[in-house]
Every structure is written in structure tokens, then in C-alpha cells.
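Using full-length UniProt numbering, read the sequence shown as starting at 1 and increasing by one per residue.
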Amino acid sequence: MVRSAPPRHRTAPEGFSGERDRQAFRELASGAWEEHSGPVGQALIRLPALRGSAEDAARADLIAVRLYLSSSPEDPFGARALALGAEELRPYAACLASGLRRLPALRGTLVRALAQPGIPDDVVPGAVLECDAPLDVVHLEAADAPLPPLSHVRYVIRPMTARRVSVLSRNGTGAEALFSAGTAFTVLARHEAEGELPARVLLAELPSGSGRFREPSTETLERLDAAARRPAGGPTPWPDRCTGPFLYAPQAP
Numbered sequence: 001m002v003r004s005a006p007p008r009h010r011t012a013p014e015g016f017s018g019e020r021d022r023q024a025f026r027e028l029a030s031g032a033w034e035e036h037s038g039p040v041g042q043a044l045i046r047l048p049a050l051r052g053s054a055e056d057a058a059r060a061d062l063i064a065v066r067l068y069l070s071s072s073p074e075d076p077f078g079a080r081a082l083a084l085g086a087e088e089l090r091p092y093a094a095c096l097a098s099g100l101r102r103l104p105a106l107r108g109t110l111v112r113a114l115a116q117p118g119i120p121d122d123v124v125p126g127a128v129l130e131c132d133a134p135l136d137v138v139h140l141e142a143a144d145a146p147l148p149p150l151s152h153v154r155y156v157i158r159p160m161t162a163r164r165v166s167v168l169s170r171n172g173t174g175a176e177a178l179f180s181a182g183t184a185f186t187v188l189a190r191h192e193a194e195g196e197l198p199a200r201v202l203l204a205e206l207p208s209g210s211g212r213f214r215e216p217s218t219e220t221l222e223r224l225d226a227a228a229r230r231p232a233g234g235p236t237p238w239p240d241r242c243t244g245p246f247l248y249a250p251q252a253p
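Here is the structure:
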């Protein structure tokens with residue numbers, strides 16, 4: 001089956017940030033700037049490819065990403081505020097989207113969790129889920145990657161544009177990743193909880209714009225479901241920021 005990407009709720013700004021965006025963002029985030037500037041500088045030393053042709057621009061963009069990663073969904077720089085689209089956050093959103101484009105793309109299997117009693121009735125094969133703010137997920141192939149509690153619904157994703165954000169951590173490691181705001185996913189399959197198996201939804205990222213999407217093979221679906229069925233446990237706790245809705249802004253009835 002071939003599908004087109006649907007209309008988006010709130011897409012990330014396109015292209016790289018401009019000088020005006022970066023200046024406005026620095027003023028907006030002046031109270032947190034120094035906290036994030038040092039770790040971002042260390043990341044630029046470890047991975048000079050992140051700089052591109054302008055180190056100062058890259059630094060501002062990556063500070064925006066790190067600020068987002070340190071903000072809870074309800075914080076002034078968190079997911080809900082971005083989803084609501086306040087004009088004063090537009091420079092921050094522009095730098096955040098630009099910073100994500102500078103980070104390495106990620107392949108593999110990604111997972112997000114929702115603390116739901118079961119899979120919603122409208123989450124069926126062919127349905128489309130979108131995110132209206134950058135979406136935090138865990139890369140299951142990363143070393144010591146955590147898994148959600150069995151009581152949560154697991155949304156397991158085959159990605160195209162997810163970005164590795166572990167490069168911004170102090171030691172350059174970690175299992176977390178981000179999708180940009182406006183990313184859309186199609187539901188491939190759903191499986192209710194049964195016995196020791198968690199409820200799980202298998203998703204694939206849809207291409208943006210007029211791009212075409214081809215249904216993954218049966219073997220790919222089986223690999224996704226095998227990843228989704230893995231038991232929770234291990235030394236690393238499940239990160240709270242990787243549990244939550246895909247859409248944060250109130251939706252029209």
C-alpha cells in the first residue's frame with residue numbers, strides 16, 4: 001500500500017535559523033544560556049561536524065535543543081508551550097528545529113509510551129498520529145536502553161528523520177532521541193495486552209510533503225513487534241519525558 005503524508009497540525013520551522021532568530025532566542029533564554037553553553041561547547045569539540053560553516057549559529061541552535069531536553073512538558077520552554085505556538089517562542093522554535101537538523105539522523109527502533117488503560121479505539125491500522133512539539137523517544141538498540149512499564153501502552157516506531165540527542169549529554173552517550181514537531185506516523189498494527197505482554201502499537205514515520213510511503217514488509221513488522229514485546233527491566237529507568245501524548249495542544253471537537 002502507498003500513502004501520502006496528511007496535512008500537519010503544527011510543523012517545525014523549515015531551514016536553518018537566521019541571525020535575528022538567534023539573537024531573539026538568546027535574549028529569551030538569557031537566564032539559562034550559560035548553563036547550556038558549556039556542555040554544547042564540549043559537544044562541538046567532540047563532534048566538529050556539528051558546527052557546519054558557522055560555529056556561533058550552531059552553538060545557539062544546539063543550546064535550544066539542550067534547553068528543550070532539560071525542560072519538562074509543562075515548563076516555559078517545554079512541549080506544551082511550543083505546541084500552543086506562542087509568538088514569543090517563535091525564535092526558540094526556529095533555533096530548536098535548526099538544531100535538530102544539525103544532529104545525526106538515527107535508524108533503528110524507537111519507542112514512546114502512554115499511560116493508558118488500553119489502546120484507544122481510533123488507533124487502528126491506517127490511522128495517522130502526529131506530534132505538535134518535538135517528540136521524545138528511546139532508541140531500543142542503544143546500550144542499556146530502558147523499556148516502559150508493562151502497564152503502559154508502547155508505541156514502537158520505524159523512523160526516517162529522528163535525531164540522536166545523546167551527543168549533547170555530558171559523556172556523549174544515552175538512548176534518547178527526538179522527532180521534530182509536525183512529524184506524522186501511520187499505524188501499522190495494534191496488539192492488546194495479554195498475559196505478560198504489554199499493549200503495543202506499531203508505527204512507521206510518514207514522509208513529509210508530497211513524499212510517498214510504502215508499507216513495510218511482514219519481516220519488518222515482525223521485528224518491530226519483537227522489539228515491542230521485550231520485557232522491562234535493566235539498570236536504566238524509563239525516562240518520564242518519553243511518556244505522554246503525541247499532541248499537547250487542545251484539539252477541536
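We treat Cβ as the ideally placed atom computed from N, Cα and C, and that holds for glycine.
- The Cβ atoms of residue 153 and residue 47 lie no closer than 7 Å to each other.
- Counting along the chain, residue 191 sits inside the beta strand (DSSP E) bounded by residues 184-191.
- By the C-beta criterion, the stretch 137-156 is judged not to be in contact with the stretch 80-93, since fewer than 3 inter-stretch pairs fall below 8 Å.
- Taken through DSSP and simplified to helix, strand or coil, residue 144 comes out as coil.
- Proximity of the stretch 53-66 to the stretch 105-116 falls short of the contact definition, fewer than three beta-carbon pairs being nearer than 8 Å.
- In the structure shown, the three-state DSSP call for residue 51 is helix.
- Listed in chain order, the beta strand (DSSP E) elements of length 3 or more contained wholly in the stretch 187-244 are 200-205 and 212-214.
- The C-beta distance from residue 68 to residue 28 rounds to 13 Å, too long to meet the 8 Å contact threshold.
- Judged by their CB atoms, residue 248 and residue 83 are nearer to each other than the 7 Å cut-off.
- Apart from the 5 residues on each side of it in sequence, residue 78 sits with its Cβ closer than 7 Å to the Cβ of 71 and 72 in its chain, given in chain order.
- Residue 231 and residue 200 have their alpha carbons spaced roughly 12 Å apart.
- Looking at the DSSP output, residue 179 bridges to 135.
- Assignment of residue 40 by DSSP, reduced to helix, strand and coil, places it in the helix class.
- Residue 148 is classed as buried because its beta carbon has at least 16 other beta carbons within 10 Å across all chains shown.
- Partner residues in a beta bridge of residue 89, as assigned by DSSP, do not exist.
- Inter-residue distance for residue 175 and residue 238 is about 10 Å (C-alpha atoms, whole angstroms).
- For the pair residue 38 and residue 226, the Cα-to-Cα distance works out to about 40 Å.
- Around the Cβ of residue 17, a 10 Å sphere holds 16 or more other Cβ atoms; the residue is buried.
- A straight line joining the alpha-carbon of residue 234 with that of residue 145 spans about 8 Å.
- Here residue 102 is near residue 50, since their CB atoms are less than 7 Å apart.
- Here the C-alpha atom of residue 61 lies approximately 36 Å from the C-alpha atom of residue 125.
- Secondary structure note for residue 27: its alpha helix (DSSP H) is the uninterrupted segment 19-28.
- Counting of Cβ neighbours within 10 angstroms places residue 183 among the buried residues, the total reaching 16 or more.
- The Cβ neighbour count for residue 132, taken over all protein chains shown within 10 Å, is at least 16; the residue is labelled buried.
- Annotation: residue 76 to residue 32 spans about 12 Å, alpha carbon to alpha carbon.
- The straight-line gap separating the alpha-carbon atoms of residue 113 and residue 212 is approximately 27 Å.
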